[in-house]
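Q: Just dropping this structure here.
Here it is as structure tokens:
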């Protein structure tokens, strides 16, 4: 054997693992893990395609070394979803422990066959980012169907088999399909379902194997027995049951019927004592279920095996990173030292998204569609997208190659975001020989514009230069000479083995970004116009929420009167159609400005003021429709109060992903958009000299939009206040009518209230007539229960830090009671004191408190919910929002909840500024511990960043509330050697974002600061005037 070459280390190491233990998953060209010294032993592993491979490992090697070799053998990136299982000396099926030496687990390795199988089943197959991973999952589903482990009804079973047959033999041919089903048995009762399978297979014409895998997993994941491995047990009464573990928690089955489920959020502790398996639950005031559940299993070993897999499932799906090992006790040990080893699902997803891997062709053993050569002659797919983006190539691309004509097919466009690699078909490959191939991709005309916008220079694919008869291959880190199509031991290799590549996986360089950046104009006016384009795209999507999604959701339901239906949609649809045309004109102008057409040769298109002037004059004709939007919001609220059915329809619509903000905010979007136009035109006029060709049109457009803003400003102020009262009404219980005439919202936030039990966290809501305080209840919706209302009429305020010895505290003296509260910081205290004093002055100018407030209870009503309410940490908040299974139907990331968890406050002025300072555009995001940058479409509004894959997406992938965050520029010590990067951080949460230009960088810094720093209170007095509805 030849010693392996020394290669530089690249990304791919299992997080938190010692370097000497190797890497978990290897991209092509990466060195296999270092082998510990000692005698070599041979271990057989059965793959999911039923082939067996032999691996040579040291007798001292831990299980992780063998597992990494298996993943490297297949070039499997997402190997963390899989595991190695075997039968121990007690004939029990157990998982190979990655931290323990192999020989301590497998007594007789020569007589043991390990099986490489799926270990962790995610709830959503779209979380599997690699086509090879989905193919392996499909093989697992196929195996589970055949052995009867995955049970389902006849229709589902026939549909699953039809997708398997489609992936193996291709498009429907009746004779071939029947013969294939006679020769292969996929389900126990296949003969009785033959006609139904053929009927379903007939409908899958044109479906590629990758699409068939996707559809197979889509159906399988909805089945109750998907990914379930039953462990026999009995309850206290001796009833025979089975226990299982899934991504969501511990499941209880009777036969193949699920009778109970214990979500991870409800489980406090899992343990076992001899044969007894114990589940300790968190206390629940609304349930009569006992705190500790006990199940009897066959033996202590059975308990331990099930307990271990529960620990691993919980860590993999619920934790953000691998748990750290516990320190070893000096004298005595108590309990098991077992822990989960490896990356969590979140780390796997972030790692794959943030890294650029070469797409390596692989072969499907049972598929007759592709060549059966174990070594595909095709180079990996070109990496043609931007950093962090990997979309499929355009339809119709072809590659000319000396080995024959190669047709590159593309998967269903709806699946492009998931599949990510091309299905290759070849003719003319002789005797496994392949020469040097130079694949030249020819993009279709329809894709030229998209590539200009989102890609850098397309580099050629890596070339292969191998002899016709032999090649050199890495086996366990050693180079060997092999004949093409042979494995190291002379047998045919597994079809899952990757091709032999001599170059390392590459990552897109930043030079491509620089070249791309230099192609675009550098004039500031261009970037201002581009901001107009990006924000207009988001605005049009927001209008679609009302005109398309909400209208479709309501449908023809009689709960909404025809008068209200006409009032809403008849006044929104003309606005939507107008802005649809406006967006097309802006897109066309930007394309001409960037030189993506020959139009710039015929005239001067490097301006946008003329387009703005023309369309704002057209928008003035729609002023009557804009004025009706506020009337529509008022009428919708009035109708919802009288119709519970309509209220339920609106509430259900708000829970849809497309409604990423409270529904009422979308009714105010057209008025906020006028403010955006005004700000853009002000920046444009400030930039242009008076002699510029575009200055006159820009100034005229600014005058027109300013006139509209003045005309509608009073309506906007009233509607913003009314909308905020309606939003708070959904978060509060214990108060009947929050939106009473004349009430104005001023500030909400978290303060500590001094009581007999000490300082207790409370949410305070300040209005122009009353100060309310509440605590978060333990209801299903986590709403806040109002405990008291303090009328502001006649109230006085005094700082009392010295009196009570509590930092940042002050006392509120009301007519009937006094309250001592403390803020989290001096700045928070200053904001509250200033706003409360201003509110007291407004209340004193009125005629006194209303009868409704006087009739309210002023005592601090204690409840069992209040005294036992758990205080969640920031991590609890993040975990609950990113949980794989949403627990409550209530929107849990509202501003009130964020302020509660981050101990901060916001004022009505802050809300107005955050809504008026909306911004959209592409940003590159990087986490603190990640290596690469991920390109995302980002929208800032309502104190939050919303992340999309592209601007065409219907709903955001995730959101980041910014209250409490700080925005800074990275320091030298953080090694972020890029331009236009800003940093967001809160406690241990750190995110880096890169913008494409200096102008975009300054704008993102400006608008995010508006959400993280409170606005001046002077503006509050200038904006707010008492009003009634």
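Residue numbers (this note's numbering): 1 to 1029.
A virtual CB, placed ideally from N, CA and C, is assigned to each residue, including glycine.
Could you check the C-alpha separation between residue 77 and residue 923 for me, to the nearest Å?
A: By 1-based counting over the chain shown, the position of residue 77 is 77. By 1-based counting over the chain shown, the position of residue 923 is 923. Residue 923 has its alpha-carbon roughly 26 Å from the corresponding atom of residue 77.
Q: Between which two residues does the beta strand (DSSP E) holding residue 670 run?
A: As a position in the chain shown, residue 670 is number 670, starting the count at 1. Following the DSSP letters along the chain, one finds residue 670 in no beta strand (DSSP E) but inside the alpha helix (DSSP H) bounded by residues 663-687.
Q: Smallest Cα separation from residue 158: which of 199, 1000, 222, 587?
A: Within the chain shown, residue 158 is the residue found at index 158, counting from 1. Minimum Cα distance to residue 158 is reached at 199.
Q: By DSSP, does residue 117 sit in helix, in strand, or in coil?
A: Residue numbering aside, residue 117 sits at position 117 when the chain shown is read from its first letter. DSSP places residue 117 in strand when its eight states are reduced to three.
Q: Counting beta carbon pairs with one atom in the stretch 248-256 and one in the stretch 184-199, are three or more of them shorter than 8 Å?
A: No, they do not touch.
Q: Sort 297, 571, 282 by Cα distance to residue 276 and report the nearest one.
A: For the purposes of this step, residue 276 is taken as the residue at position 276 of the chain shown. Measuring from the Cα of residue 276, the nearest candidate turns out to be 297.
Q: Apart from the five residues just before and just after residue 92, which ones in its own chain have a Cβ nearer than 7 Å to its Cβ?
A: To locate residue 92, count along the chain shown from 1; it is residue 92. So the qualifying residues of the chain are 301, 305.
Q: Could you give the DSSP three-state label for residue 344: helix, strand or coil?
A: The residue you call residue 344 lines up with position 344 of the chain shown. In this structure, DSSP gives residue 344 a state outside helix and strand, which the three-state scheme calls coil.
Q: Can you tell me where the alpha helix (DSSP H) with residue 94 in it begins and where it stops?
A: The count along the chain shown starts at 1 and reaches residue 94 at position 94. Segment 93-95 is the beta strand (DSSP E) holding residue 94; no alpha helix (DSSP H) there.
Q: Quick check: the stretch 736-743 against the stretch 819-831, are at least 3 beta-carbon pairs closer than 8 Å?
A: no
Q: Under the assumption that residue 917 contacts residue 1007 (Cβ atoms under 8 Å), give the Cβ distance between them as a whole number of angstroms.
A: Residue numbering aside, residue 917 sits at position 917 when the chain shown is read from its first letter. Residue numbering aside, residue 1007 sits at position 1007 when the chain shown is read from its first letter. So it is a contact: roughly 4 Å between Cβ atoms.
Q: Mapping DSSP to helix, strand and coil, what is residue 268?
A: The residue given as residue 268 occupies position 268 in the chain shown. Three-state DSSP puts residue 268 in a strand.
Q: From the DSSP secondary-structure annotation, give me the bridge partner or partners of residue 561.
A: One-based indexing of the chain shown puts residue 561 at position 561. Partner(s): none; residue 561 has no beta bridge.
Q: Exposed or buried, what is residue 743 when buried is set at 16 or more other beta-carbons lying within 10 Å of its beta-carbon?
A: Position 743 of the chain shown, counted from the first residue, corresponds to residue 743. Residue environment: residue 743 is assigned as buried (16 or more neighbouring CB atoms within 10 Å of its CB, all protein chains considered).
Q: Check whether the Cβ atoms of residue 72 and residue 101 sit closer than 8 Å, and answer yes or no.
A: What you label residue 72 is simply residue 72 of the chain shown in a count that begins at 1. What you label residue 101 is simply residue 101 of the chain shown in a count that begins at 1. Not in contact: residue 72 and residue 101 (Cβ atoms no closer than 8 Å).
Q: For residue 969, count the other beta carbons within 10 Å of its own beta carbon; 16 or more makes it buried, fewer makes it exposed. Which is it?
A: The residue given as residue 969 occupies position 969 in the chain shown. Answer is exposed; the Cβ neighbour count stays below 16.
Q: Could you say which of 763, 341, 345 lies nearest to residue 783 if we only look at CA atoms?
A: The residue given as residue 783 occupies position 783 in the chain shown. Comparing Cα-Cα distances from residue 783 to each of 763, 341, 345, the minimum goes to 763.
Q: What do you get for residue 347, buried or exposed, if any count of 16 or more other CB atoms within 10 angstroms of its CB means buried?
A: The count along the chain shown starts at 1 and reaches residue 347 at position 347. Residue 347 is classed as buried because its beta carbon has at least 16 other beta carbons within 10 Å across all chains shown.
Q: Between the stretch 605-620 and the stretch 646-665, can you find at least three pairs of beta-carbon atoms closer than 8 Å?
A: Cβ pair count under 8 Å is below three, so no.
Q: So, under 8 Å CB-CB, residue 669 and residue 526 are touching, yes? Tell me the CB distance rounded to an integer number of Å.
A: Translated into the one-based positions of the chain shown, residue 669 becomes position 669. Translated into the one-based positions of the chain shown, residue 526 becomes position 526. Residue 526 and residue 669 do not touch by the CB rule: their CB atoms are close to 26 Å apart, not below 8 Å.
Q: Do residue 750 and residue 903 count as a contact pair if the criterion is CB distance below 8 Å?
A: For this step, residue 903 is matched to residue 903 along the chain shown. For this step, residue 750 is matched to residue 750 along the chain shown. In this structure, residue 750 lies closer than 8 Å to residue 903 by Cβ.
Q: Look at the alpha carbon of residue 74 and the alpha carbon of residue 212, and state the distance between them as a whole number of angstroms.
A: Taking the first residue of the chain shown as 1, we reach residue 74 at position 74. Taking the first residue of the chain shown as 1, we reach residue 212 at position 212. For the pair residue 74 and residue 212, the Cα-to-Cα distance works out to about 21 Å.
Q: Scan the stretch 938-1015 and note each continuous alpha helix (DSSP H) run of 4 residues or more that stays entirely inside, going in chain order.
A: 998-1012
Q: Mapping DSSP to helix, strand and coil, what is residue 214?
A: The count along the chain shown starts at 1 and reaches residue 214 at position 214. Reduced to three states, the DSSP call for residue 214 is helix.
Q: Excluding sequence positions up to five away, which residues of its chain have a Cβ less than 6 Å from the Cβ of residue 103?
A: The residue labelled residue 103 in the question sits at position 103 within the chain shown. Here the set comprises 59.
Q: Is it the case that the Cβ atoms of residue 835 and residue 747 are separated by a distance below 8 Å?
A: Translated into the one-based positions of the chain shown, residue 835 becomes position 835. Translated into the one-based positions of the chain shown, residue 747 becomes position 747. Result yes, Cβ atoms of residue 835 and residue 747 sit closer than 8 Å.
Q: Let's test the definition: count the other Cβ atoms within 10 Å of the Cβ of residue 390 and tell me whether it reaches 16, buried, or not, exposed.
A: Position 390 of the chain shown, counting from 1, holds the residue named residue 390. Any reading at residue 390 must be qualified, since the residue scores a pLDDT of 35, below 50, and its modelled position is unreliable; the value itself is stated next. Residue 390 is buried by the Cβ-count criterion.
Q: Does the count of Cβ pairs from the stretch 570-578 and the stretch 619-639 closer than 8 Å reach three?
A: yes
Q: If contact is defined by three or more beta carbon pairs under 8 Å, each pair taking one atom from either stretch, is the stretch 975-990 in contact with the stretch 958-965?
A: Judged by pairs of C-beta atoms under 8 Å, the stretch 958-965 touches the stretch 975-990, as three or more such pairs exist.
Q: Under 8 Å, do residue 264 and residue 248 count as touching if we go by C-beta distance?
A: If you number the chain shown from 1, residue 264 lands on position 264. If you number the chain shown from 1, residue 248 lands on position 248. The answer is yes: Cβ separation under 8 Å.
Q: Please classify residue 319: does DSSP put it in a helix, a strand, or coil?
A: Along the chain shown, one-based indexing puts residue 319 at 319. Looking at residue 319 - three-state DSSP - the assignment turns out to be coil, as it is neither helix nor strand.
Q: Ends of the beta strand (DSSP E) at residue 240?
A: Against the chain shown, residue 240 aligns to sequence position 240. Start and end: 240-246.
Q: Here's the rule: buried if 16 or more other CB atoms are within 10 angstroms of the residue's CB, otherwise exposed. What is residue 167?
A: For the purposes of this step, residue 167 is taken as residue 167 along the chain shown, with counting starting at 1. The C-beta of residue 167 has 16 or more other C-beta atoms within 10 Å across all chains shown, which makes the residue buried.
Q: Quickly, what does DSSP pair residue 153 with across the bridge? List them, please.
A: Position 153 of the chain shown holds residue 153. Note: residue 153 sits in no beta bridge, so no partner.
Q: Got a sec, what are the start and stop residues for the alpha helix (DSSP H) residue 639 sits in?
A: What you label residue 639 is simply residue 639 of the chain shown in a count that begins at 1. First-last of the alpha helix (DSSP H) with residue 639: 623-642.
Q: Just mark residue 960 as buried or exposed, buried being the case when its beta carbon has 16 or more other beta carbons within 10 Å.
A: The residue labelled residue 960 in the question sits at position 960 within the chain shown. For residue 960, the number of other beta carbons within 10 angstroms of its own is at least 16, and it is reported as buried.
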